[in-house]
Every structure is written in structure tokens, then in C-alpha cells.
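In mature numbering (1 follows the signal peptide of the UniProt record, and there is no 0), the protein residues as written are -19 to -1, 1 to 194. All C-beta atoms in this analysis are idealised placements derived from N, C-alpha and C, irrespective of residue type, glycine included. Here the structure is a predicted model, which means the values were calculated and not measured. Right, one structure below, let's go through it.
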């Protein structure tokens, strides 16, 4: 009976998490990468859905909004209210960071760590470990490798949640107070001797009108 009760509890928890993930998808956003912010050693696909590190510097103008030290790129989308959800395919990368940052984040000069005290709320993979980045990075215990990460921003509530989409589980939630526009943030695996797959923004299915949300 005890085993059965535990099994039922686990199934209820899984069902609840799946329901939450389905509800977040109703707030899906069509995220497009902003090529004008991409570091010169990043290549953004023509459709603005994929970013990849490259070994050859791109011939791009040094605009004020472009990262020149941190090899990152922002989404075109800017959020200052409401709920917003998107998914990023991270499979095949041994190092990456995804999340959101304030629109005013410093993009020039000294390298800035993507932590919340610097205006970032991010999740990363580094040295084989998944971490929620903050003053004291929190190591996340994830069974297996993450293939796709869901990012859910609730602006007024001050919440940013990360999901393991494949397993329908919540990885981490940041609680903060937002006072300026936020933008999606992407830091792909650096290019090395082997080619890197890069990060891809996943197109989400249209909502089923027959399913209440």
C-alpha cells in the first residue's frame, strides 16, 4: 500500500507539472535573434532562430548595441509586462547559457558574468554541471542531459522559471523585481577544434482551440 501511495503521488506530481508546462505554452513568443547585438564571433542564421560560435570573425559593424567581449546575442523581443514563454534546443552542446537580461546590460569592454546581480537571470551548462547563475551559483541535479530548455517569464510577478521540456519538470525559478525591459539572452558553446551545434529557438505548436487554458 505504501508503494502504491508513493506511485500515485509521483504520477500526480508529473501530471501537475505537465499541466503547468502546457499552460505556459499559451504564452508562447516567437523569439527572433537580434543580429545587431551578436558578438563578432557568433553567426546568426538568416531566419534569426539559431546562433552558433565560429572561428572566423564576422565582418559586422561595431554598433553600440553589439557585444564585443561576451560572446552572446539577445533576442529582438523586449518585455516590460505580461507572461512570455519560449524554448531553446541545447542538445549537442557541452557549454551554454540561456535566460533573460535587462535591456540596458553593458555590452562593451570588461567581461560580465551572466548573474542576476549584473542584470541577468540565466541557466548554464559548464564543466558538465547545470547551474542557476547567481552570487552563489546553484548546482542543479538533472538526470541525464538536457535537450531542450523552456524559459517562462512572468514580469509583474517577478518570476523567471526554467523547464526541462523533455521530462516536463521545473529546473529552477528566480524571484526578483523587474524595473526595466527584459530581453532573451543566448550564449552558445565556444567554437573549438570540433564544430558546435549552436542554440536553436524551437517553433512551438499552435494552441489547440479544443483544449481549455
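Have a look at residue i and residue j and give me their C-alpha separation to the nearest angstrom.
i           : j           : result
residue 71  : residue 135 : 22 Å
residue 82  : residue 105 : 14 Å
residue 53  : residue 154 : 22 Å
residue 120 : residue 90  : 29 Å
residue 40  : residue 15  : 16 Å
residue 182 : residue 123 : 21 Å
residue 150 : residue 43  : 40 Å
residue 22  : residue 94  : 18 Å
residue 111 : residue 10  : 25 Å
residue 36  : residue 178 : 13 Å
residue 128 : residue 24  : 21 Å
residue 88  : residue 145 : 29 Å
What residue from the options has the CA that sits closest to residue i's CA?
i           : options             : result
residue 19  : 66, 105 and 167     : 167
residue 139 : 121, 160 and 34     : 160
residue 147 : 137, 126 and 76     : 126
residue 17  : 110, 84, 55 and 38  : 55
residue 184 : 31, 109, 15 and 110 : 31
residue 86  : 164, 178 and 186    : 164
residue 109 : 78, 88, 137 and 94  : 78
residue 137 : 22, 10 and 63       : 63
Below 8 Å between beta carbons: does that hold for residue i and residue j?
i           : j           : result
residue 12  : residue 58  : yes
residue 34  : residue 172 : yes
residue 169 : residue 152 : no
residue 101 : residue 80  : yes
residue 76  : residue 107 : yes
residue 97  : residue 157 : yes
residue 186 : residue 84  : no
residue 213 : residue 65  : The structure shown does not extend to residue 213, since the chain spans only -19 to 194, so no value can be given for it.
| Minimum length 3: unbroken beta strand (DSSP E) runs contained in the stretch 69 to 154 | Taking only runs of at least 3 residues, the beta strand (DSSP E) segments lying wholly in the stretch 69 to 154 are 77 to 83, 101 to 107, 110 to 113, 119 to 121, 129 to 135 and 140 to 145.
| query | Counting pairs of beta carbons, one from the stretch 61 to 81 and one from the stretch 129 to 146, are three or more of them closer than 8 Å? | reply | Touching, per the Cβ criterion.
| field | the stretch 113 to 120 / the stretch 39 to 49 touching (three or more Cβ pairs under 8 Å) | value | Put simply, the stretch 113 to 120 does not touch the stretch 39 to 49. Fewer than three CB pairs are less than 8 Å apart.
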